[in-house]
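Each residue of the sequence shown is one higher than the one before, counting from 93 in this note's numbering. From the three backbone atoms N, C-alpha and C, an ideal C-beta is built for every residue, glycine too. Report on one structure; see the data block that follows.
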Amino acid sequence: MSLLSLENVSTTYRSPTGAFRAIEDVSLTIAQGETVGLVGESGCGKSTLGKTLMRLVPTSQGQIRLDDEDITHASGRALLPARRKLQMIFQDPFASLNPRHSIRRILTGPLKVHGVKGRAERERIAQEIVLEVGLPADSLDRFPHEFSGGQRQRIGIARALILQPQLIVCDEPVSALDLSIQAQIINLLVRLKREFGLSYLFISHDLSVVRYFADRVLVMYLGRIVESGPTQEVWDSP
Ligand code: ADP
Ligand code: ADP
């Protein structure tokens with residue numbers, strides 16, 4: 093059974109001036125422990141697809157299933173279990189980290205929302221994750237601006253990990269980083285995958301990273317998936 097599946101999913105952005113269908117008739121499955129690369133030129137709909145399966149933008153057609161449960165239109169409390177299983181990391185973690193919140197608050201907040209009881213227990217889990225992702229041991233008392241770009245991505249990864257998700261959507265997570273730092277972050281993601289059996293949807297315009305990292309690749313063009321297959325096959329095809 094697949095962990096996540098999309099069946100004939102379309103997502104339409106609506107504005108006062110009209111409607112724009114950013115992804116059209118997309119079907120895909122992601123198995124537990126699988127890394128699926130998603131490539132395609134800028135503006136083809138990769139981020140929208142990631143946000144669609146995270147249920148961050150509404151689906152206008154089709155069905156999204158997680159652990160065989162239909163989550164296409166779940167909202168509010170009904171979406172909480174899915175929010176635990178699905179997490180996302182972004183190109184610029186700073187954009188999604190509140191600069192006024194300590195790393196303690198950034199990491200313990202989701203635990204509180206998801207009902208982990210006891211401040212000491214939440215802090216214990218947060219400290220464990222800090223060490224797991226290779227951040228300095230005293231990180232909890234610090235704030236996002238005190239960290240380098242690569243370290244901030246580690247904070248983003250720590251926040252994604254803290255609820256023990258099954259799938260992490262990685263939207264260009266290393267594109268803004270220096271090459272040597274990119275390698276460190278990719279190696280961290282690879283290690284976490286081995287350790288926790290995580291699945292990834294890895295969105296990137298950088299084909300060499302996808303080639304190194306993904307088991308399978310989906311190619312998007314103008315909102316549709318136009319090609320898919322094992323990484324090596326997609327690369328070798330003419
Ligand atoms: P990619 O990640 O491949 O660069 P996106 O998913 O970000 O592509 O964007 C796909 C298309 O949807 C683009 O034409 C973009 O301009 C449009 N788009 C993205 N977000 C919105 C939005 N919030 N409202 C309207 N159009 C959007
Ligand atoms: P800020 O710097 O914005 O106050 P902090 O994380 O330092 O952010 O703390 C925010 C509030 O949450 C403070 O009132 C603090 O006492 C409380 N707090 C700090 N850590 C925890 C925690 N692990 N669980 C619950 N509340 C906490």
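Distances from the alpha-carbon of Val318 to those of Glu116, Ala111, Pro108, Cys262 put Glu116 closest. Annotation for Ala114 indicates a beta carbon within 7 angstroms of some heavy atom of ligand 1.
When rounded, the separation of the alpha-carbon atoms in Leu98 and Leu145 is 8 angstroms.
For Phe294, the uninterrupted beta strand (DSSP E) segment begins and ends at 291-295. With a contact defined as Cβ atoms closer than 8 angstroms, Leu269 and Gly242 qualify at about 6 angstroms. Nearest neighbour of Val101 by Cα position, chosen from Asp328, Phe239, Arg316, Gln324, turns out to be Arg316.
Residue side-chain check: Cys136 places its Cβ nearer than 7 angstroms to a non-hydrogen atom of ligand 1.
For Thr121, the shortest C-beta to heavy atom distance toward ligand 1 is 7 angstroms or greater. For Ala111 and Ser152, the gap between their C-alpha atoms comes out near 11 angstroms. In the three-state scheme derived from DSSP, where H, G and I count as helix and E and B as strand, Leu98 is classed as strand. Remark: the C-beta of Gly110 is outside contact range of ligand 1, defined as less than 7 angstroms to any heavy atom. The closest heavy atom of ligand 1 lies less than 7 angstroms from the beta carbon of Thr140.
Between Leu223 and Ala229, the alpha-carbon positions lie close to 6 angstroms from each other.
Here the stretch 296-310 lies against the stretch 116-128, with 3 or more beta-carbon pairs under 8 angstroms apart. Out of Arg283, Asp328, Arg176, the CA that lies nearest to the CA of Gly226 is found in Arg283. By the Cβ-count criterion, Leu172 is exposed, with fewer than 16 other Cβ atoms from all chains shown falling within 10 Å of its own Cβ.
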